[in-house]
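The C-terminal position of the sequence shown is numbered 917 in the working numbering, with every residue numbered one higher than the one before it. Heads up, the beta-carbon is just placed ideally off N, CA and C, and yes, glycines get one too.
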Amino acid sequence: MPEVLPVAEVVHAMPGRARLRIAERRGDSVFFASVASGLSTIAGIYHAEVRPLTGSVLIEHGPPLDRIGAVAREARLFAIGNAASPPPPVTAAEIDPKMVVGIGLGAVAVWQLLKGELLPPAITLAWYAASLTGLVSNGALAEGHDGGD
Numbered sequence: 769m770p771e772v773l774p775v776a777e778v779v780h781a782m783p784g785r786a787r788l789r790i791a792e793r794r795g796d797s798v799f800f801a802s803v804a805s806g807l808s809t810i811a812g813i814y815h816a817e818v819r820p821l822t823g824s825v826l827i828e829h830g831p832p833l834d835r836i837g838a839v840a841r842e843a844r845l846f847a848i849g850n851a852a853s854p855p856p857p858v859t860a861a862e863i864d865p866k867m868v869v870g871i872g873l874g875a876v877a878v879w880q881l882l883k884g885e886l887l888p889p890a891i892t893l894a895w896y897a898a899s900l901t902g903l904v905s906n907g908a909l910a911e912g913h914d915g916g917d
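Structure below.
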């Protein structure tokens, strides 16, 4: 059975420079020393820097990265694979201004309550907060009240 080479994922690549990550061998100083030594013998690689702690390999090169990868595979150093797709971008959540004000008023109501200012500040602020956040509807009081008619 042929030996399985560690997979080096391309973290960043631009012409002449590439950063690879070999996560499965992270922390293996002996392995990364052999990678650095092996890369230094490949024609067209100007500089190779390894960081065993992070599993990172930085290569400054002349030939295209796929050619460097083919030579590294032939030298039994590693195989270049595809990096995992980046996580989807985080989209901004819509913020309801009424909810923000309601939560703020609720916090001030609790603060007033803790200070002992129950009537009127805490109850008034709590009512406004509940109305803005939708915990109670403004029409609930009006529907239950006949207005003296």
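#### Entry: Identity of the residues DSSP links to V825 by a beta bridge
L788, V818
### Query
Nearest-angstrom Cα distance between I790 and T859?
30 angstroms
### Query
Rounded C-beta distance between G823 and R794? I'm assuming under 8 angstroms.
Going by Cβ atoms, the distance from G823 to R794 rounds to 4 angstroms, so yes, they are a contact pair.
### Task
Could you please give me the residues that DSSP links to V775 through a beta bridge?
A847
### Message
Less than 8 angstroms between the C-beta atoms of V825 and A776, yes or no?
### Response
Less than 8 angstroms separates the beta-carbon of V825 from that of A776.
### Query
How would you label I863, buried or exposed, when you count the other beta carbons within 10 angstroms and need 16 or more for buried?
Exposed is the call here.
### Task
Indicate the three-state DSSP secondary structure (helix, strand or coil) for I810 in the structure shown.
coil
### Task
Can you tell me which of Y896, S808, G872 puts its alpha carbon nearest to the alpha carbon of V839?
S808
#### Entry: Limits of the alpha helix (DSSP H) - the one that L882 falls within
865-883
### Task
Return the chain-ordered list of same chain residues with a C-beta closer than 8 angstroms to the C-beta of S797, the five sequence neighbours on each side being excluded.
P820
### Message
In whole angstroms, give me the CA-to-CA distance for G884 and A861.
### Response
36 angstroms
### Query
Opposite A781 in the DSSP bridges: which residues?
A786
### Helix, strand or coil at E862 [DSSP, three-state]
For E862, the secondary structure class from DSSP, reduced to helix, strand or coil, is coil.
### Query
Quick one: what does DSSP say D762 is sitting in, helix, strand or coil?
The shown model of the chain, from 769 to 917, leaves out residue 762, and the question about it has no answer.
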